[in-house]
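Here the protein sequences line up with chains A and B, keeping their order. Using the UniProt record's numbering, read the first sequence as starting at 1 and increasing by one per residue. Using the UniProt record's numbering, read the second sequence as starting at 1 and increasing by one per residue. Don't be surprised by glycine CBs; every beta carbon is placed ideally from N, CA and C. Each remark here refers to the structure printed beneath this line.
2 protein chains.
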Amino acid sequence: MFDLRPVVYVIGLVVAVLGVTMLLPMMVDLFFGRPDWTVFLQSAIITVTFGAAMSIATANGVGGGLSVQQTFLLTTLIWVALPLFGALPFIFGEIQARPVDAIFEAMSGLTTTGSTVFSGLDAMPEGLLVWRSMLQWFGGIGIIVVAMVFLPELRVGGMQIFRSEAFDTMGKVLPRAAEIAGRITWIYLALTILNVLAYLLVGMTPFDAINHAFTTMSTGGFSTHDASFGVYQGAPEYVAAVFMILASLPFVRYIQLVAGTAQPLFRDSQIRAYLGTILVITLVMTIYRLVANGDHFEHGFREGVFNVTSIMSGTGYASVDYQLWGTFPIVAFFFLGLIGGCAGSTACSVKIFRYQILIAAIRARIMQILAPHGVFTPRFEGRPISEAVLSSVMAFFVMFVVSLGILAVLLSMTGLDMVTSLSGAATAIANIGPGLGDTIGPSGNFATLNDTAKWLLTAAMLVGRLELLSVYVLFTMRFWRG
Amino acid sequence: MFDLRPVVYVIGLVVAVLGVTMLLPMMVDLFFGRPDWTVFLQSAIITVTFGAAMSIATANGVGGGLSVQQTFLLTTLIWVALPLFGALPFIFGEIQARPVDAIFEAMSGLTTTGSTVFSGLDAMPEGLLVWRSMLQWFGGIGIIVVAMVFLPELRVGGMQIFRSEAFDTMGKVLPRAAEIAGRITWIYLALTILNVLAYLLVGMTPFDAINHAFTTMSTGGFSTHDASFGVYQGAPEYVAAVFMILASLPFVRYIQLVAGTAQPLFRDSQIRAYLGTILVITLVMTIYRLVANGDHFEHGFREGVFNVTSIMSGTGYASVDYQLWGTFPIVAFFFLGLIGGCAGSTACSVKIFRYQILIAAIRARIMQILAPHGVFTPRFEGRPISEAVLSSVMAFFVMFVVSLGILAVLLSMTGLDMVTSLSGAATAIANIGPGLGDTIGPSGNFATLNDTAKWLLTAAMLVGRLELLSVYVLFTMRFWRG
Ligand SMILES: [K+]
Ligand SMILES: [K+]
């Protein structure tokens, strides 16, 4: 058994920081004259105290880097610890959420899933709304760091293909994490501010602009209204679409752009495939609605591009209940959510680069079959895909599909119908937000699900956000022997 | 462009043979005094004439073996040509099916899918019922030969892992096919006769016993009753379960058994995994029904083992509408159908050995991640899995899932609801038979689907039966250049 102290130490630090940030929604509640502000002070004190205690108790064990095992454990346990403390304001606050609901909501926030068990958002204390948005914003920046530093280092899901992309030196994980996190945070912050300004420009209230910018840039999808983006139809939908796309492109390209080289951004094959897919599907959806629903072009295109981008990027805002458009949009949105955005962004799900790698591998297989004596190497962005990357990507895909199936079966055992089970499993593992059907569909809510289903979905959000293997590896014998 | 003559020559021969077999249902109709017998005579004359013409016109191009391209084309075109001619009795016969329905039914027969667009089976002329059963029986023996000879040779879907298993010499494809087909046919025939006797023993009428033995041994699932196996509850369900299992085990083991070695049968890891899965799921389903539906054990176990085996083996008989059991069985049966039986049998879908290989690969990946400097080779039945087999299996899995998704979206575009689209796509690609929901569920029928959906499903049955790649390869540029 390896030393847990460095792991607990880092988690303690991060938890303490989370506690400090609770003072922000406290100030918001003070500003709006909400008595709920005391809730955040209580939560902050508890959280900082626990976090500090964890770090102080383990400070003697820190020094040197983290082993592979320690890094895996750290990654998962951070995403377990933060929702537990992040849930406190929901439990103590005006809405007095039960622990299962509070933890579901906090996990949904920090994993940038955006499924909600709360309703009456429009009347909820501003502090709680800001806290929900903040959880997503933190989750977003956290996951970019994980995706750019930890997963490539740990060779999870083929992410090692992006390993030496922006950083040539292969130092210890933590110093690199700090360096990358620093640069990324500035870019993430700058984009968020731009997003706030853009939302203000198209007529959002300042409060909504800030909250929605937080949940747009994190592709999180929490809203301050029960009707989600339904209250902001028109120009705000286009603004949201642009920023949802920006949030789901590889952030390393922005680092390079700031460093003065725009080339990689325009040449990135992930970005091309991603934008191309969004464009094609939006047009198909628009034409479908022109024909099937007799819609006019601008309206159909706007709702199409907004909702397609929302699902593809894994944001999960809904501006309308697209289930009313017909049978095709329902099934299409189910599978669109399984595509996902680009690696190294806040987007989630299978992600476009994995499909590119899988297609390249299948093409090579077909050529090999037709010419058994030839040598065909699958390539990504012109470079040969190593066997390790290929088998990682394939393992990811298989685990993703099988996990989705097993989760759907478990959900159905708790009594959920087929559409709710299937789409609930998909939306949780792919961190999208809304499901399908009357219960958890775009105009629905996760509140009425049974507790077992809520716990299952909470676990699935975590597993999906950390690309499955990072969590599954903890359940192997070998992990704990190492 | 390569020489098409040898391909057309073989197809002509097979079509002519199919034509001759139409004399059997003709005799059945004569025996039962049905005027429909003339329909089979007409169909036989047309079919034999066309087949003979094809062979005679191309006989000058025959000689030597078939190239890879020719073998691929032959495999697919046989499964296109036979349903076209096999559909004739449905068009000419008493039921006067429209071509789309007749071809759907014939394809469903020859691919051993078992989805039906016909109702009123109980009153249908015996000849037509026998013809449906015969199509499945031929499809079953045909697919075993394809799975044992063609696919391993062509390296499709990882089937090359079974390449030299039973046959050490690597001669030309066709002579080997003839040799294997010969041995297999005797075993298949013997098992079918045993099955007839067993069905008679538990009280089936001779006519039903023969028909159901044909569609059990081919894991086809056509019945002579609209209520499928609902009319034979009790002991016949156990008999069917046993023979559905026998039909979905690797037939090479029976060849070895006849040759005097039972060891391989008992040591086969596919068989163990398959039987283990059936047992575990049957028990879970039985317990679920004891708890949820207050069923008693024998009844719950019998219906459980029958329906689980029916779906896992891809037979698709239904003895009850298991959708009434609750939400869990519905979702469970959806995913059970995606597991499938053993390779080298009449069973279809992903098949158990692919999951075994995928799990072995994922295990090796996890070990590699935890010990980056170790060397971990995934193994199947104790032997290392070659990279080519692994990537073939993974390519199969990805193509299977993606094809299912695209087909479901296309079906939804024709107006089918989500459950019908998803389960229809799955049941066609996996050649199971029944879907889910009110329309195509176990107590439903495919008759009311729109024509576009029927054509899509017809194509999907073919693609699924030939393990996808065998068909997809025909749509590549390189295939026709080669
Ligand atoms: K989301
Ligand atoms: K079947």
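- Task: Answer with buried or exposed for A:Thr49, where buried requires no fewer than 16 other C-beta atoms within 10 angstroms of its C-beta.
- Result: Of the other Cβ atoms in all chains shown, fewer than 16 fall within 10 Å of the Cβ of A:Thr49; this residue is therefore exposed.
- Query: Rounded to whole angstroms, how far is the Cβ of A:Pro378 from the Cβ of A:Ala360, which I believe are closer than 8 Å?
  - Reply: Going by Cβ atoms, the distance from A:Pro378 to A:Ala360 rounds to 4 Å, so yes, they are a contact pair.
- Query: Around ligand 1, what residues have a beta-carbon under 6 Å from a heavy atom of it, in chain order?
  - Reply: Taken from the N-terminal end onward, the list reads A:Thr112, A:Thr113, A:Gly114, A:Thr219, A:Gly220, A:Gly221, A:Gly314, A:Thr315, A:Gly316, A:Asn431, A:Ile432 and A:Gly433.
- Message: So B:Ala273 contacts chain A; which residues on that side make the cut at Cβ distance below 7 Å?
- Response: Neighbours of B:Ala273 on chain A: none; closest Cβ ~15 Å, over 7 Å.
- Message: Just verifying my parser: in three-state terms, what is the DSSP assignment at A:Pro99?
- Response: Residue state, collapsed to three classes: helix.
- Output yes if chain B places a C-beta closer than 9 Å to the C-beta of A:Pro372; else output no. With 9 Å as the cut-off, A:Pro372 counts as an interface residue toward chain B.
- Message: Going by DSSP in three states, A:Pro35 sits in which element: helix, strand or coil?
- Response: Residue state, collapsed to three classes: coil.
- Apply the 10 Å Cβ neighbour rule to A:Leu197 and answer buried if 16 or more other Cβ atoms are within range, or exposed otherwise. Classification for A:Leu197: exposed.
- Alpha-carbon spacing of A:Asn431 relative to B:Gly437, whole angstroms: Cα to Cα, the separation comes out at about 28 Å.
- Confirm, please, whether the CB-CB distance from B:Gly304 to B:Gly340 is below 9 Å. The answer is no: Cβ separation not under 9 Å.
- For chain B, find out if any of its Cβ atoms is closer than 9 Å to the Cβ of A:Ile287; answer yes or no. Under the 9 Å criterion on CB atoms, A:Ile287 is classed as non-interfacial with respect to chain B.
- Message: What does the alpha-carbon distance come out to for the pair A:Thr224 and A:Val62?
- Response: Their backbone Cα atoms lie some 41 Å apart in a straight line.
- Task: Can you grab the Cα-Cα spacing for the pair B:Met27 / A:Ile287, in whole Å?
- Result: Taking the straight line joining both Cα atoms gives about 54 Å.
- Between B:Ala292 and the rest of its own chain, which residues show a CB-CB distance below 6 Å, the 5 nearest in sequence each way excluded? Counting only Cβ-Cβ distances below 6 Å, and skipping sequence neighbours, we find Gly326.
- Query: Does any residue of chain A bring its CB to less than 9 Å from the CB of B:Arg183?
  - Reply: No, B:Arg183 does not count as interfacial toward chain A.
- Task: List the residues of chain B that A:Ser386 touches, going by C-beta distances under 9 Å, in chain order.
- Result: What A:Ser386 touches in chain B: nothing, since even the nearest Cβ is about 12 Å away.
- Starting from A:Trp131, follow the alpha helix (DSSP H) in both directions and report where the run begins and ends. Segment Glu126 to Val145, the alpha helix (DSSP H) holding A:Trp131.
- Query: What residues from chain B crowd round A:Gly405, counting only those whose CB sits closer than 8 Å?
  - Reply: The contacting residues are Phe335 and Leu338.
- Item | Cβ shell of A:Val39 (< 6 Å), same chain only, five flanking positions each side left out | Its chain contains Pro89, Phe92 and Gly93 as the residues whose beta carbon lies nearer than 6 Å to that of A:Val39, once the 5 sequence neighbours on both sides are disregarded; these appear in chain order.
- Identify whether B:Pro89 lies in helix, strand or coil by the three-state DSSP scheme. Here B:Pro89 sits in helix by DSSP.
- Query: Helix, strand or coil: which one does DSSP assign to A:Asp168?
  - Reply: Residue confidence is low: A:Asp168 scores 38 on pLDDT, short of 50, so the model does not pin down where it sits. Its coordinate-derived value is still stated next. DSSP places A:Asp168 in coil when its eight states are reduced to three.
- Query: Do A:Leu336 and A:Val350 have their C-beta atoms closer together than 9 Å?
  - Reply: No. Outside cutoff.
- Item | Limits of the unbroken alpha helix (DSSP H) element including B:Phe397 | For B:Phe397, the enclosing alpha helix (DSSP H) stretches over residues Glu387 to Met413.
- Message: If we define contact as Cβ-Cβ less than 9 Å, is B:Ile278 a contact residue for chain A?
- Response: False, the Cβ-Cβ gap to chain A never drops below 9 Å.
- Item | Status (buried if at least 16 other CB within 10 Å, exposed otherwise) for B:Ala123 | Counting Cβ neighbours within 10 Å, B:Ala123 comes out exposed, since fewer than 16 surround it.
- Give a yes or no on whether 9 Å exceeds the smallest Cβ distance from A:Val401 to chain B. Closer than 9 Å: yes.
- Item | Beta-carbon spacing of A:Ala343, A:Ala181 below 9 Å | Result no, Cβ atoms of A:Ala343 and A:Ala181 do not sit closer than 9 Å.
- Item | Rounded C-alpha distance that separates A:Met367 from B:Arg481 | Between A:Met367 and B:Arg481, the C-alpha separation is close to 12 Å.
- Message: I'd like the list of long-range same chain contacts for A:Ile144, defined as Cβ closer than 8 Å, with 5 residues on each side in sequence excluded.
- Response: By the criterion of a C-beta distance shorter than 8 Å, A:Ile144 is surrounded in its chain by Ile184, Tyr188, Phe251, Gly344, Ser345 and Thr346, once the five residues flanking it on both sides are discounted.
- Message: Against chain A, which members of the stretch 141-153 of chain B pass a CB distance test of less than 7 Å?
- Response: Hits within the stretch: zero.
- Boundaries of the alpha helix (DSSP H) in which B:Ile359 is found, first to last residue: Annotation: the continuous alpha helix (DSSP H) that includes B:Ile359 extends over Ile352 to Leu370.
- Task: Using only alpha-carbon positions, find the residue among A:Arg267, A:Gly464 and A:Ile330 that is nearest to B:Gly415.
- Result: Ranked by how close their Cα comes to the Cα of B:Gly415, the residues A:Arg267, A:Gly464 and A:Ile330 have A:Ile330 in first place.
- Message: Quick check on the burial criterion: 16 or more other C-beta atoms within 10 angstroms. Buried or exposed for A:Cys348?
- Response: Buried, by the Cβ-count rule.
- Message: Is it the case that the stretch 19-33 of chain B contacts the stretch 456-471 of chain A, given that we only count it when at least three CB pairs across the two stretches are under 8 Å?
- Response: Output reads no: the stretch 19-33 of chain B does not touch the stretch 456-471 of chain A.
- What is the C-beta distance between B:Ala209 and B:Leu200, in whole angstroms, given that I count them as a contact (C-beta under 8 Å)? 5 Å between Cβ atoms; contact.
- Where does A:Met5 sit, in a helix, a strand or coil, going by DSSP? For the record, residue 5 of chain A in the displayed sequence is Arg; it is not Met. When DSSP states are grouped into helix, strand and coil, A:Arg5 belongs to the helix group.
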